[in-house]
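Residue numbers (full-length UniProt numbering): 1 to 711. Built from N, CA and C at the ideal position, the CB exists for glycine as well.
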Amino acid sequence: MTVEGPEPPDGAAGEPKDPAPPDAESPEPRDAQDLGRQFSHRAAHPGETGERLGAEHDARSNFAGATVTADRFVGRDQINYITVTGTVARIRMVALTDEDLALDRRFAAPPDFALAMAAVRDRRVVLLRGADGTGRYALARRLLLGLALGEVRRLHPETDLGSLTGADLGPGGYLLADPPPQAAAKLRAFDLDRLATELGADRRLVITTTDTAGLTDPDLEPHVVDVSPPDPREVLRSHLAAEATHARALELLEDPDVTTLCRDHLRDAPPAQAVRLARLLADASEPVAETVRARLTVRRVADLERWFSGMGDLATQTLAIAVATLGGEHYDLVANSAELLTRRLEPEDQPPQESAPFGGTRSARLRAIGAHLVRSELPARHGGTAPGLVVRFEEQGLARRLLRLVWEEYDPIRPQLLNWLRLCVRSEVPTVRIRAAVATGILAAESFDQIRSAIILPWARSDDDEARDAAATALSVVAERPELRDAVTGLVNAWSADDTRPLLRATAARAWRVTLDGDGDGDGNGAQGCADALTLLEQLAKDDRAEVKEAVCTSVAEMLEYRDGAFASAALGLLTDWVSSRRPGVRVTGRLGFLLAAADLGQFAADGTWRPTLLCHAERDPAMAHRIVRLWHATLNSADLHDAAKDVLGEWARLLEETPSGPDLLGWLMGAVGFDPRTGRIIHITASRWSHAPKSKVAVLAALHARRTLR
Numbered sequence: 001m002t003v004e005g006p007e008p009p010d011g012a013a014g015e016p017k018d019p020a021p022p023d024a025e026s027p028e029p030r031d032a033q034d035l036g037r038q039f040s041h042r043a044a045h046p047g048e049t050g051e052r053l054g055a056e057h058d059a060r061s062n063f064a065g066a067t068v069t070a071d072r073f074v075g076r077d078q079i080n081y082i083t084v085t086g087t088v089a090r091i092r093m094v095a096l097t098d099e100d101l102a103l104d105r106r107f108a109a110p111p112d113f114a115l116a117m118a119a120v121r122d123r124r125v126v127l128l129r130g131a132d133g134t135g136r137y138a139l140a141r142r143l144l145l146g147l148a149l150g151e152v153r154r155l156h157p158e159t160d161l162g163s164l165t166g167a168d169l170g171p172g173g174y175l176l177a178d179p180p181p182q183a184a185a186k187l188r189a190f191d192l193d194r195l196a197t198e199l200g201a202d203r204r205l206v207i208t209t210t211d212t213a214g215l216t217d218p219d220l221e222p223h224v225v226d227v228s229p230p231d232p233r234e235v236l237r238s239h240l241a242a243e244a245t246h247a248r249a250l251e252l253l254e255d256p257d258v259t260t261l262c263r264d265h266l267r268d269a270p271p272a273q274a275v276r277l278a279r280l281l282a283d284a285s286e287p288v289a290e291t292v293r294a295r296l297t298v299r300r301v302a303d304l305e306r307w308f309s310g311m312g313d314l315a316t317q318t319l320a321i322a323v324a325t326l327g328g329e330h331y332d333l334v335a336n337s338a339e340l341l342t343r344r345l346e347p348e349d350q351p352p353q354e355s356a357p358f359g360g361t362r363s364a365r366l367r368a369i370g371a372h373l374v375r376s377e378l379p380a381r382h383g384g385t386a387p388g389l390v391v392r393f394e395e396q397g398l399a400r401r402l403l404r405l406v407w408e409e410y411d412p413i414r415p416q417l418l419n420w421l422r423l424c425v426r427s428e429v430p431t432v433r434i435r436a437a438v439a440t441g442i443l444a445a446e447s448f449d450q451i452r453s454a455i456i457l458p459w460a461r462s463d464d465d466e467a468r469d470a471a472a473t474a475l476s477v478v479a480e481r482p483e484l485r486d487a488v489t490g491l492v493n494a495w496s497a498d499d500t501r502p503l504l505r506a507t508a509a510r511a512w513r514v515t516l517d518g519d520g521d522g523d524g525n526g527a528q529g530c531a532d533a534l535t536l537l538e539q540l541a542k543d544d545r546a547e548v549k550e551a552v553c554t555s556v557a558e559m560l561e562y563r564d565g566a567f568a569s570a571a572l573g574l575l576t577d578w579v580s581s582r583r584p585g586v587r588v589t590g591r592l593g594f595l596l597a598a599a600d601l602g603q604f605a606a607d608g609t610w611r612p613t614l615l616c617h618a619e620r621d622p623a624m625a626h627r628i629v630r631l632w633h634a635t636l637n638s639a640d641l642h643d644a645a646k647d648v649l650g651e652w653a654r655l656l657e658e659t660p661s662g663p664d665l666l667g668w669l670m671g672a673v674g675f676d677p678r679t680g681r682i683i684h685i686t687a688s689r690w691s692h693a694p695k696s697k698v699a700v701l702a703a704l705h706a707r708r709t710l711r
């Protein structure tokens, strides 16, 4: 196979213009050599950068999805009560809205409608009781409108029936919908009997309440009519006929995919689900069933707090929090993390709980929190996907909304939640650390000042580079919020300018992505953001302290990999400039950055084989090939990193040994790198020792021979 190599650098037809023998520079400080060995060891097990970025992308996806900030209860939204002065109390009430009346025309009767209507005709005060979602409000409205007593009004839910008299209410129907628990507990049969005698034949009062309202007066039972829900299919038909034209409604109901969708979602469903499904079907674009199925995954905001608080026990709630934070990790890791949070939240003086040897099953716990186990879709570092089952919420967007709910509504657990996140960031599992950092960023976007000072700043000043990485990841998440982007970039720039605090400067280097566009998809101010990132890294590359150098190199490697190499050309240009710098420390940083990228970055070809990312770039783009040649040349000829560079090159040979055309590609590239006799000899001696990669050895030596022949 004949492969044309890139043009050699200027002046490299024979010897380089400015040859750099190995002893031209005094060896760099021990720190640089240590970093070189550390980076070169990655070549034996490459892919750490890609794994980190992949896990972060997956973690962000876990928090993505539809964000619902409000939802409507059918017929009960935007109520403005008017106040009427009665003989004893000020009574707040409101007439039924036009929407209420429109919804009543879509009413689907429950099985015991006739019994309920008879009760309202015979009694002047009736208490309708039913489970959430059974349509008790719609039934009460229909009963009162059906009596045709005049205008129907709603009383404020907190109306005190003990002080309400018949004189306060004119002719018509009155609806007291779902009084709050404390008011429901005060309901007394005496007050209902008194009102019934005071209301004339032209007035009725219907009270609705949940079956969990906690009615305390046993004498209320004669006033109670238990509500059963209507057939959800009838509710769907009546609402769909009103939402769409008759022809369109028939067309939708005859669609096989829609039929399957309705069967799946209306089995034992409350009427509210049928109403919502009808609205979604009427508004959906083609393909209707697929569009509606995606939108049905969004939980109503009004239900979220009730759902979470009603889980029954702390262990289930902490499992939900752990899935929200670490969703996408293996179930065992998430469950163990949830147990740690449970221990932190249990009261210290609580006596030990005696439990059966076998508690709730895993399946039951997952059903309770709306989660499921799925095969991992996160690529593994050495092919395929990470084995095993991972846990995720079934509902798109639930993770973000649940985490925000816990943070905003449960103030007492905030300190322990933050301590738990700190613990997760110290996990031995890298992907757990990343997901915890992303979750911290989600919370920081809600309470930036608090979490910046409580968590992010201590992480940024930590001696632990993993904690500093977590701080940078959290800040990159916060920077996606347009209103916070300036604050985050200002913070990072301030850290980068503080020459007295190398750990903060190192964190600033790792936070290079905060300058990119906030939406994370490559749009917006990506070009300017990339320029700002380059400026940031260029400034920090002048710092000779080891922690800053390592952070800069790690970030340049990320830049080469990020968004499928969208910034690879810019990153290679940066490294090429650095290895040609007049500042010895910057030259070292350039070589170290290249060495890390060469050792760690890789990608899977179409045939499933692993190839070094830099070799793929060189094969596809002559301009990038030219830069990669110069970087290999500079690193192989360096006084400090030449041994590490040879180790990485040997690992390339091993990886490419059995890949289609891999040895030839390596020979092509090394033939171009060995454009001068000295570098050619270095590569020749190195390749001659590749007993582990005989095909690569032959290809490289042949390419060097051809180069010498042309010379």
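Contacts around residue i, its chain only, beta-carbon distance under 8 Å, and the 5 residues preceding and following it disregarded
i      : result
LEU503 : ALA460, ARG461, SER462, ASP463, ARG468 and GLU547
ARG433 : CYS424, VAL425, ARG426, SER427, GLU466, ASP469 and ALA470
LEU572 : LEU560, HIS617, MET624, ARG627, ILE628 and LEU631
ASP202 : LEU149, GLY150, PRO171 and GLY172
Contacts around residue i, its chain only, beta-carbon distance under 6 Å, and the 5 residues preceding and following it disregarded
i      : result
ALA394 : Here residue 394 turns out to be Glu, not Ala, going by the sequence shown. Contacts found: GLY370 and HIS372.
PRO46  : ASP600 and GLY602
Buried versus exposed, by CB contacts within 10 Å (16 or more), residue i
i      : result
ARG52  : buried
ASN62  : buried
ASP600 : buried
ARG367 : exposed
ASP100 : buried
ALA437 : buried
PRO412 : exposed
GLU251 : exposed
Nearest neighbour of residue i, chosen from the options [CA to CA]
i      : options                           : result
ARG481 : LEU443, ALA497, TRP668 and PHE604 : LEU443
LEU169 : LEU205, ARG136 and VAL288         : LEU205
ARG279 : ALA269, GLU243, MET311 and GLY310 : GLU243
ASP219 : ALA479, LYS186 and THR208         : LYS186
ALA568 : VAL406, ALA598, ASP31 and ALA119  : ALA598
GLY200 : ASP283, ALA437, LEU149 and SER238 : LEU149
VAL224 : PHE39, ALA118 and TRP610          : ALA118
ALA272 : PRO229, SER40 and LEU261          : PRO229
ASP58  : GLY327, PRO256, ARG141 and ALA315 : GLY327
Distance, residue j Cα to residue i Cα
i      : j      : result
GLY680 : ARG392 : 53 Å
HIS626 : THR342 : 56 Å
LEU701 : HIS684 : 6 Å
ARG121 : GLY135 : 20 Å
GLY172 : ASP226 : 23 Å
ALA116 : LEU143 : 8 Å
PHE113 : LEU176 : 19 Å
VAL125 : ASP264 : 39 Å
ARG106 : ARG293 : 23 Å
ARG401 : VAL514 : 23 Å
VAL488 : LEU35  : 29 Å
LEU236 : GLY310 : 28 Å
PRO181 : VAL390 : 40 Å
LEU375 : ALA399 : What sits at residue 375 in the sequence shown is Arg, not Leu. Spanning the two alpha carbons is a distance of roughly 19 Å.
VAL588 : PRO347 : 54 Å
ARG72  : ALA335 : Reliability of the predicted coordinates at ARG72 is poor, the pLDDT of 30 falling under 50, and the value obtained from them is presented with this limitation in mind. For ARG72 and ALA335, the distance between alpha carbons rounds to 35 Å.
LEU574 : VAL492 : 20 Å
GLY146 : HIS239 : 19 Å
CYS262 : ALA167 : 48 Å
ASP332 : VAL275 : 39 Å
ALA509 : ALA472 : 9 Å
Own chain, CB closer than 7 Å to residue i, minus 5 neighbours either side, in chain order
i      : result
SER696 : ALA653, LEU656, GLU657, PRO663, LEU666 and TRP690
HIS705 : none
GLY585 : LYS542 and ASP544
ALA196 : ARG123, ARG124 and VAL125
Integer-rounded CB distance, given that residue j should sit under 8 Å from residue i
i      : j      : result
ALA645 : TRP668 : The Cβ separation is near 18 Å, so there is no contact.
THR318 : ALA338 : 5 Å
THR291 : ALA439 : At roughly 30 Å, the Cβ-Cβ gap does not stay under 8 Å, so THR291 and ALA439 are not in contact.
LEU304 : LEU405 : 6 Å
ARG591 : ALA551 : Not a contact, Cβ separation roughly 16 Å.
TRP407 : ARG414 : 7 Å
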